[in-house]
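To keep things clear, I will list the structure first and then write my remarks on it.
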């Protein structure tokens, strides 16, 4: 297969699936890791894909474009792990928490499966499945109904009705973007409505979001920055963004992404 044909095949996979992994392409196309990485570099230079850790995703999302779960789960994996490790320390036995849909909150779910006497409210099929695969007799998981989005969130009137009237100690809110003016946003109008209901149900709002979320603006605002009690991000966050978040949110926590553990600073 010629390089141009191979790159076209890679681009078609990205457009079809929302993202690709280098390891998968090496196996499927029968070429070396270095060859695939060169192909991705060429496609990225042409603005056709966005290179991420371990692969590539579709480039140039707009305010209403919503990547699929698989594509988003490939992005900033070390940063999400570090953020999740710290966020897990905020979960106490005997409490009720809510986890909105998202790949960072999905990563967090894996870190709290062993917390005893926990009640979990979520509108994410993926997150509910994490707890289902690690059952505990002293844990209750409530999965809202609703219409499924490309990012595997359950949204809409059914989800809103299920959440309304609930009261949780802490909401861990996954967001598409955050911005000084627009606040925490999503590209899905129904997801914004559902997440606003989750925010209203929570005594404490924690937003775990890596640095790439800063400056990204979806079509609909979920909450203002000032509504967050805690924002947990990574060391890639620009200094000016840190200053803005420090001024507006209750507490900003920066998690250092490391290969084996997260070193945390405030």
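In this note's numbering, the protein residues as written are 15 to 280.
For each residue, glycine too, the CB sits at the ideal point set by N, CA and C.
Through-space distance from residue 120 to residue 252, alpha-carbon basis: For the purposes of this step, residue 252 is identified with residue 238 of the chain shown, where counting begins at 1. For the purposes of this step, residue 120 is identified with residue 106 of the chain shown, where counting begins at 1. For residue 252 and residue 120, the distance between alpha carbons rounds to 25 Å.
So the candidates are 182, 208, 207 and 33; which of them puts its Cα closest to the Cα of residue 110? What you label residue 110 is simply residue 96 of the chain shown in a count that begins at 1. Taking only the C-alpha atoms, the option nearest residue 110 is 182.
Within a Cβ cutoff of 7 Å, which residues of the same chain sit near residue 36, ignoring the five residues on either side of it in sequence? Reading the chain shown from its first residue, position 22 is the one you call residue 36. Excluding sequence neighbours, residue 36 sits near 47, 50, 51, 68 and 69.
So residue 258 and residue 175 are in contact, right, with Cβ under 8 Å, and what is the actual spacing, rounded? Along the chain shown, read from residue 1 onward, the residue named residue 258 stands at position 244. Along the chain shown, read from residue 1 onward, the residue named residue 175 stands at position 161. So it is not a contact: roughly 35 Å between Cβ atoms.
Is the Cβ-Cβ distance between residue 184 and residue 140 less than 8 Å?
On the chain shown, residue 184 is found 170 positions in, with the first residue counted as 1. On the chain shown, residue 140 is found 126 positions in, with the first residue counted as 1. Not a contact, by the Cβ cut-off of 8 Å.
* **Three-state class that DSSP yields for residue 237 in the structure shown** => Taking the first residue of the chain shown as 1, we reach residue 237 at position 223. Three-state DSSP puts residue 237 in a strand.
What is the DSSP secondary structure of residue 15, reduced to helix, strand or coil? Counted from its first residue, the chain shown places residue 15 at position 1. If DSSP states are grouped into helix, strand and coil, residue 15 belongs with coil.
- Can you name the residues that DSSP bridges to residue 283? Here the chain covers residues 15 to 280 and nothing more, so residue 283 does not appear.
* Could you tell me the distance, in whole angstroms, from the CA atom of residue 250 to the CA atom of residue 122? => As a working mapping, residue 250 is identified with position 236 in the chain shown. As a working mapping, residue 122 is identified with position 108 in the chain shown. Looking at the two C-alpha atoms, the distance is approximately 19 Å.
To which residues does DSSP link residue 40 through a beta bridge? Residue mapping note: residue 40 aligns to position 26 of the chain shown, counting from 1. Residue 40 is not bridged to any residue.
Exercise. Terminal residues of the continuous alpha helix (DSSP H) containing residue 92?
Worked result: Looking up residue 92 in the chain shown gives position 78. Its alpha helix (DSSP H) spans residues 91–102.
Enumerate in chain order the residues of its own chain whose CB-to-CB distance from residue 72 is below 8 Å, with the five nearest sequence positions on each side excluded.
Counting from 1 along the chain shown, the entry for residue 72 is found at position 58. Counting only residues of its own chain and dropping the five nearest sequence neighbours on each side, residue 72 has a CB closer than 8 Å to the CB of 28, 29, 32, 33, 63, 64, 81 and 85.
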